[in-house]
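Undergrad:
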Amino acid sequence: MNKKIVIICLSLFLFSMGFGWDVTGNDILKKVDALTVGDEAPKDTQMVMTMKIVSSSGNEKVRELKTWTKNNPDQDDWRLMKFVSPPDVRDVGFLTLSEEQMYLYLPEFHRIRRIASHNKSDRFMGSDFSYEDLGVASFQKYYEAEIMNEDEESWILKLSKKPGADKPYEKIEMWVSKESNLPIKMKLYDSSGELWKEELQENKSFDSYWIPVKITMKNLKEGSWTELTMKEIQTDQGLDSELFTPRYLKRRIR
Amino acid sequence: MLNQLFGFIIKYRIAVVLIIIILTCFFGFQMKNLYFENQMTQWVPEDDPVLKLLLHTGELFGSNQLVLITFKIDNKQAFSHQTLTQVKFLTEELSQNDQIFLVNSLSNSPYITQIPGGIEVRDFLENIPETKDKLAELKKSASSKDTLVNNVISSDGEWLAMSVFIDSQEDLIEVFKETVKPTIEKHLDSQTEIYYSGVPSDAYFANEFVSSDMKNMIPLIVILIITVLYLSFRHWKGIVFPFIVVAIAVIWTFGVMGMFRSPLNLISPAIPVLLMALGSAYGIHVVNTLYSQSDMSTQRLTKVQSASSQIATPVVLAGLTTMAGFVSFLTVKLKIISEFGTFSALGIFFAVIISLVFIPAAHVIFKGKETTAQKRHMSYLTPFLKVLLRFVKGHKKFILGITLVLILGLGYGLFIIKRQVNFSQYYPKKSNPRVALEIAKEHFGGSFPLTVYVKGESFKSAALLRTIRRVSLYLGSIPEASQPFSLADFIEELNFQLNGRYHIPENDRGVGNLWFFLEGRDELNQIVSNDLTESQVFSRVSNSEIEYMRRTRNKINHFLEQEYSKKPYMFNLNDFNENQTQKLRKSEAGYILDEINWLIQSYEGTSLKKESALPKFHSLIQDFPVPKDDDVRMRASSEFKNTIYSEFFDFIISDNIKKTLFQKCVSSLSESKTSVQDFETILKQVIPEEEYDDEIALDVASTFSFRVTESIRSAFTERAFKEISSLIDTDLTNNQNLSKKLKGLLYEIADNMVILPENEAPFKGNLVQISRIEQSGHSIFMTRLDHFLYISQIQSLILALVITFILIMIMSRSFKWGLISIFPIGFTLYVIYSFLGLAGIPLDFATIMIAGVCIGVGIDYVIHFTHGIREKAKQGYGIEEAVQLVFMEKGKAILTNSLAVMTGFVVLLFSSMSPLKNFGGVMVGAMFLAALSSLTILPSLLLIFKPKIGGKK
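Keeping their order, the protein sequence lines are chains A and B.
Note that this note's numbering gives residue 293 to position 252 of the first sequence, counting from 1, and the numbers run on in steps of one.
Note that this note's numbering gives residue 53 to position 46 of the second sequence, counting from 1, and the numbers run on in steps of one.
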């Protein structure tokens, strides 16, 4: 118990050192960005993701995919996804180099196709995550943050969309863990100000990083929810840039 | 007994009147619970299988809750930046609303298009251009899309449409009224012509019309009732008492409706009209009798008591027979009619009770001079009755002769009676829903969903998708169904954009790969269930005439029966030898030829003759393309080139090696060495050792081999298309949409999946799992409603006649009297129904009640007359004298009553909805005819057949 308190106090101390004493909402958001897409994020990540989609009527679909991500601090991150199951999508590959540069490999037709950017609020593979939710974009670029409240474990931020920002959420309430400096809960509001989705995030420390290991997204309007579980996480493996090319996209999962 | 009862009422008159006032206040308070409900799905028995499927598909796919909104911009610039932006905002706002299941407009229609090196699936109006040229380009693009034209944009580009599907859990009318309509009108310019059609809007407009009719008709009813009463009595009590009786009966009836949460509907306005027309008669009778007995003597109370007991029996009897007419509605399966019957009967019951309780009590409480009233009571009718009596006596055989001639002459009308259960036909001609119907019909193929529901194992199955595509193509070929679309269309379009072939892949993995693009698209909700085991082919029926819908239903049912009474088999040609493969492909060609013909018909072309097309297909299958054929070589070579020279080619090799590899691959075609192993051997020979990798080589070799297979199939497709082109109009082969779909079907003959019905399959195959395939949607539901209407009519008619016949038999204790008495009313009904047929007035939710009401009211006249005859017989009169005396005595009452009732029904002519208008008009005629036949046919029958009365003949 004492050890836990010491750790919390220490991390609070270190965190406050980073910000100075007058910590603001935007400072916290900046830190979140740095840890997820910035220079404090892992250089690359490799993991197996299980996606469980539960419809409002209780129907359950499970998908498994392998992902490789390369963090490019000065440009868009690269991400390669390969479906492992269900069998009819095994080896389907999805490569994102930027919002405009996405490739899809359909093994059944032996073809790579470039696909244009999706509607950002479209559901990703029928889940409750939109392409936007799974994107790896900076919050700070599109939202102004202010601290609404704080307790021992987290800050509660209110993120308001910046004028002209092309984002589906008008407002976000974000609980940022004081321990990991990553979001642990988000309430996402639609353009009419109505609560739309609720996201819960579990983060774990791997090597020197905090990484989300479970994200649950509830669509409050439709009553469906999706759970993303991350396992076999590896960071900073020095993934080759060749991995993020359409040529590699065609490779089957061994 | 009766005397004692009235003694009690008169003794406690103030308490009686107070109790009635309190009860009226109570029921009046209950009226606050009244509400409208004009949803037809509520009118059919809940266990009806057609309704059950309709509600099930409605819940799954939202298709029952469709509101089709059509709009036209005043300056005809539908494709302006401003209008398109409005449509986009509107679509977004409605889509975000929790009460809305799905919105489909030009803005969010799925637009699958090719981009350099790839494909894009997006909403059609993701970016709205601003320049004129770009807008014109966009319009051209929209007009060339089969999926958009006549669906979200009219073929002339002037009308736009938006389909809004309301969530099935919501109150459809409320959501339409509070959300859909205001949102549409908020976003679109005020000069925009906006029309709404579909079940929710129809129900909303019906409520609006009925509620406004109720408001407008009540003052009219009041004026008319006062006029009739004034003409009858010319005294305040004579006007006020029967008026109060009717008013209280109406309040009590609607109060009970409110108390039991029974909704008001399309035909509810007829209830106060009926109560006014019929209920006032009881009041008139009671007041009449009290007047005739009253004076200012000290025995006044006793006289009122005895007069009341005297009038009670005929009033109760008249009430009972009228109620019998309404009770006949209770047995029908249409809730709207049975509820109407219940509440009308209850209203009559209230009117009888209130007349007998309130009027005597109030009469004693409010004293006054009334002796002069009766004198003038309808005395002007006497000369007319005298003339009529003379005519009847002198021409009894002639009257019966004319009756017979009318029966023979008008009979034809009975066979041509139309039925109309569709709301859309009920509205005034220029009203919004009626115009909307015409626009939907003319520009968007109608607004009434017509669907075919299919339940199977999984709709990611290629075999099942080919099966529903077959249904979709059939629907497209019949003019009654417009714009059919199914899951198969999405998969085929995606396949076309990705692989250049508009067909369903030959296996489930192929479908699974394409599905990647569809996951998460809202449009899927409209055609496939979440667990992928239920799907529907969605179409719309363009004409709302019930006859048309019935024909459509029969046609589709016949098709489904023919197609699916045989089990469909699926074959994978990899499992068969060459001979068997050829046999299967030849059978498949015949099966697919049906689909080719349906497709050609949907583009208004003449279908191919099987005897000329099939031999051509068979000969092409006989000489199936092989790798060394020129057309195959050309295609395969081009594919090799694209693969080997692509920047993403798996092996990083020099141009020289690429060239060698390409040449070796092409040579393999001439030697027909195109298996995966053959290409692996080539790769091993050509790729430098340091670059070579077994696993990559296997992938590349299988890609090469796959491309050769594709080239063979494409060559077959082109050959078959060329053969077909010689058999159909050039215009059609030049139609890009048609040719891409035709080629897709032809490609399926060449691929490895074969679907055949068991009777056409040369061998037993794997069963395609279809556990249910059935027609559903609004149009089939309409035909079901129509069926119930028809059954209800027959049922209520027979029941009413039987009840009445039995009542009269009991009263007269004679079968002959029963027959004679029922004849005039039977004749009235016969003429009225023949008239309906000849005049083209359809049987609908209101006109169906003609028989019941007519019998209930008309039989009173017969009862009055025959009762009078028997009374006279008791006094010793013979039949001829009795007829003469009763004719003059009762004739006045019959005419007065029929005039009052007719006046009541005249009010319904002011209704906005055609069923009530027709009902009112026809009932005026029916009441006139009922009175006339009671005063002509009935006495003629009595004078000719001279039935026994009280022992005399």
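Note that CB positions come from ideal geometry on N, CA and C, so glycine has one too.
Who are the Cβ neighbours of B:Leu9 in its own chain at under 7 Å, not counting the five residues just before and after it?
TA: Residue numbering aside, residue 9 of chain B sits at position 2 when the second sequence is read from its first letter. Ser316 and Ala319.
Undergrad: Using a beta-carbon distance below 8 Å, is B:Pro117 in contact with chain A?
TA: Locating residue 117 of chain B in the second sequence gives position 110, counting from the first residue. So no, B:Pro117 is outside the interface.
Undergrad: Using the beta-carbon count (16 or more within 10 Å), is B:Gln684 buried or exposed?
TA: As a first step, residue 684 of chain B is located in the second sequence; it is residue number 677 there, counting from the start. The residue in question, B:Gln684, is exposed, as its Cβ has fewer than 16 Cβ neighbours within 10 Å.
Undergrad: By the three-class DSSP mapping on this structure, what secondary structure does B:Tyr211 have?
TA: Taking the second sequence and counting its residues from 1, the one referred to as residue 211 of chain B is at position 204. Note: B:Tyr211 maps to helix in three-state DSSP.
Undergrad: Please tell me whether A:Val103 has its Cβ less than 8 Å away from any Cβ of chain B.
TA: The residue given as residue 103 of chain A occupies position 62 in the first sequence. Output row for A:Val103: interface = no.
Undergrad: So, does the segment 11-25 of chain B touch the segment 119-129 of chain A, judging by three or more C-beta pairs under 8 Å?
TA: Taking 8 Å as the limit for Cβ pairs, the verdict is that the segment 119-129 of chain A does not touch the segment 11-25 of chain B.
Undergrad: What beta strand (DSSP E) runs, 3 residues minimum, are completely inside the segment 178-265 of chain A?
TA: With a minimum length of 3 residues, the continuous beta strand (DSSP E) runs that stay inside the segment 178-265 of chain A are 184-191, 195-202, 212-218, 224-230, 236-247 and 250-260.
Undergrad: Taking the alpha carbon of B:Ile246 as the point to measure from, which residue in B:Tyr211, B:His292 and B:Glu215 has its own alpha carbon closest?
TA: Here residue 246 of chain B refers to the residue found at position 239 of the second sequence. With distances taken between Cα atoms, B:Ile246 lies closest to B:His292.
Undergrad: With a Cβ-Cβ cutoff of 8 Å, do B:Phe872 and B:Ser821 count as a contact?
TA: Counting from one through the second sequence, the residue named residue 872 of chain B turns up at place 865. Counting from one through the second sequence, the residue named residue 821 of chain B turns up at place 814. No, the pair does not count as a contact, with Cβ atoms beyond the cut-off.
Undergrad: For B:Ile414, collect the residues of the same chain with a Cβ closer than 8 Å to its Cβ; drop the 5 residues on either side in sequence, then sort them by chain order.
TA: On the second sequence, residue 414 of chain B is found 407 positions in, with the first residue counted as 1. Closer than 8 Å at the Cβ level, and outside the excluded window around B:Ile414, lie Phe834 and Tyr837.
Undergrad: Straight-line CA distance for B:Ile255 to B:Ile361?
TA: Within the second sequence, residue 255 of chain B is the residue found at index 248, counting from 1. Within the second sequence, residue 361 of chain B is the residue found at index 354, counting from 1. Rounded to the nearest angstrom, the two C-alpha atoms are 8 Å apart.
Undergrad: At the level of alpha carbons, what is the spacing between B:Arg383 and B:Tyr237?
TA: Position 376 of the second sequence holds residue 383 of chain B. Position 230 of the second sequence holds residue 237 of chain B. Confidence at B:Arg383 is low in this model, with a pLDDT of 48, below 50, so the placement of that residue is unreliable and no value is reported for it.
Undergrad: Return the first residue and the last residue of the beta strand (DSSP E) that B:Ala488 is part of.
TA: Against the second sequence, residue 488 of chain B aligns to sequence position 481. Element bounds for B:Ala488: Ala488 to Phe492.
Undergrad: Just to make sure I have the definition right: I need the residues of chain A whose C-beta is within less than 9 Å of the C-beta of B:Gln103. Which are they?
TA: By one-based count along the second sequence, residue 103 of chain B stands at place 96. Chain A residues near B:Gln103: Asp231, Ser232, Ser233, Glu235, Trp237 and Lys262.
Undergrad: Which value, in whole angstroms, describes the spacing of the CA atoms of B:Ser248 and B:Gly290?
TA: As a first step, residue 248 of chain B must be located in the second sequence, where it is residue number 241. As a first step, residue 290 of chain B must be located in the second sequence, where it is residue number 283. Position check: residue 248 of chain B holds Phe in this sequence, whereas Ser was assumed. Straight-line Cα distance between these residues: approximately 7 Å.
Undergrad: Looking at the C-beta of B:Ile713, does it have a partner C-beta in chain A at a distance below 8 Å?
TA: Against the second sequence, residue 713 of chain B aligns to sequence position 706. Sequence check: residue 713 of chain B is Phe here, not Ile. So yes, B:Phe713 belongs to the interface.
Undergrad: Closer than 8 Å by beta-carbon distance: list the chain A residues that pair up with B:Arg473, in chain order.
TA: Mapped onto the second sequence, residue 473 of chain B falls at position 466. In chain order: nothing, as chain A lies at least about 16 Å away.
Undergrad: On a Cα-Cα basis, can you pick out the residue from B:Glu445, B:Tyr202 and B:Gly519 that is closest to B:Gln432?
TA: Reading the second sequence from its first residue, position 425 is the one you call residue 432 of chain B. Cα-wise, what sits closest to B:Gln432 is B:Glu445.
Undergrad: By how many angstroms is the C-alpha of B:Glu878 removed from the C-alpha of B:Leu902?
TA: Residue mapping note: residue 902 of chain B aligns to position 895 of the second sequence, counting from 1. Residue mapping note: residue 878 of chain B aligns to position 871 of the second sequence, counting from 1. Answer to the nearest angstrom: the Cα atoms are 20 Å apart.
Undergrad: Cβ of A:Asn100 less than 8 Å from any chain B Cβ?
TA: Residue numbering aside, residue 100 of chain A sits at position 59 when the first sequence is read from its first letter. So yes, A:Asn100 belongs to the interface.
Undergrad: Anything in chain A within Cβ reach of B:Asn663, meaning under 8 Å, just list it in chain order.
TA: Within the second sequence, residue 663 of chain B is the residue found at index 656, counting from 1. What B:Asn663 touches in chain A: nothing, since even the nearest Cβ is about 20 Å away.
Undergrad: Could you have a look at B:Trp259 and say whether DSSP puts it in helix, strand or coil?
TA: The residue you call residue 259 of chain B lines up with position 252 of the second sequence. Residue state, collapsed to three classes: helix.
Undergrad: Are three or more beta carbon pairs between the segment 791-804 of chain B and the segment 336-355 of chain B nearer than 8 Å?
TA: Taking 8 Å as the limit for Cβ pairs, the verdict is that the segment 336-355 of chain B does touch the segment 791-804 of chain B.
Undergrad: Using Cβ-Cβ distances below 7 Å, what residues of the segment 534-567 of chain B are close to chain A?
TA: Here the close residues are Asn537 and Asp538.
Undergrad: Which word fits A:Pro287, buried or exposed, when buried means at least 16 other C-beta atoms lie within 10 angstroms of its C-beta?
TA: In the first sequence, counting from the first residue as 1, residue 287 of chain A sits at position 246. Flag for A:Pro287 reads buried.
Undergrad: Give the single residue among B:Phe212, B:Pro622 and B:Lys467 whose Cα lies nearest to the Cα of B:Ser919.
TA: Here residue 919 of chain B is taken as the residue at index 912 of the second sequence, counted from 1. It is B:Phe212.
Undergrad: Who does B:Asn773 pair with in a DSSP beta bridge?
TA: Residue numbering aside, residue 773 of chain B sits at position 766 when the second sequence is read from its first letter. Looking at the DSSP assignment, B:Asn773 forms a beta bridge with B:Met577.
Undergrad: Could you tell me which chain A residues have their CB closer than 8 Å to the CB of B:Phe34, listed as they occur along the chain?
TA: Here the question's residue 34 of chain B lines up with position 27 in the second sequence. By Cβ distance, chain A contributes nothing, its closest Cβ being about 42 Å from B:Phe34, past 8 Å.
Undergrad: Using a Cβ distance threshold of 8 Å, determine whether the segment 178-191 of chain A contacts the segment 551-558 of chain B, with at least three qualifying pairs required.
TA: No, the segment 178-191 of chain A is not in contact with the segment 551-558 of chain B.
Undergrad: Please confirm whether A:Ser139 has its beta-carbon closer than 8 Å to some beta-carbon of chain B.
TA: Here residue 139 of chain A is taken as the residue at index 98 of the first sequence, counted from 1. For A:Ser139, the answer is no, since every Cβ of chain B falls outside 8 Å of its Cβ.
Undergrad: Output yes if chain A places a C-beta closer than 8 Å to the C-beta of B:Gly519; else output no.
TA: Here residue 519 of chain B refers to the residue found at position 512 when the second sequence is read from its first residue. Yes - at least one Cβ of chain A is within 8 Å of the one on B:Gly519.
Undergrad: For the alpha helix (DSSP H) holding B:Glu755, just list the boundary residues, first then last.
TA: For the purposes of this step, residue 755 of chain B is taken as residue 748 along the second sequence, with counting starting at 1. Element bounds for B:Glu755: Gln743 to Ala757.
Undergrad: Closest to B:Glu177 by CA distance: which of B:Asn104, B:Val229, B:Ser148 and B:Asp130 is it?
TA: Within the second sequence, numbered from 1, the residue matching residue 177 of chain B stands at position 170. When only C-alpha atoms are compared, the closest one is B:Asn104.
Undergrad: What does the alpha-carbon distance come out to for the pair B:Gln743 and A:Gly234?
TA: Along the second sequence, one-based indexing puts residue 743 of chain B at 736. Along the first sequence, one-based indexing puts residue 234 of chain A at 193. Going by the C-alpha atoms only, they are around 46 Å apart.
Undergrad: Return the CA-CA distance between B:Asp701 and B:Glu687, expressed in angstroms with no decimal places.
TA: Your numbering for residue 701 of chain B matches position 694 in the second sequence. Your numbering for residue 687 of chain B matches position 680 in the second sequence. Computed Cα separation, rounded: 9 Å.
Undergrad: Give the interface partners of B:Arg516 over in chain A, defined as CB-CB distance under 7 Å, in chain order.
TA: In the second sequence, counting from the first residue as 1, residue 516 of chain B sits at position 509. The answer, in chain order, is Asp129 and Glu149.
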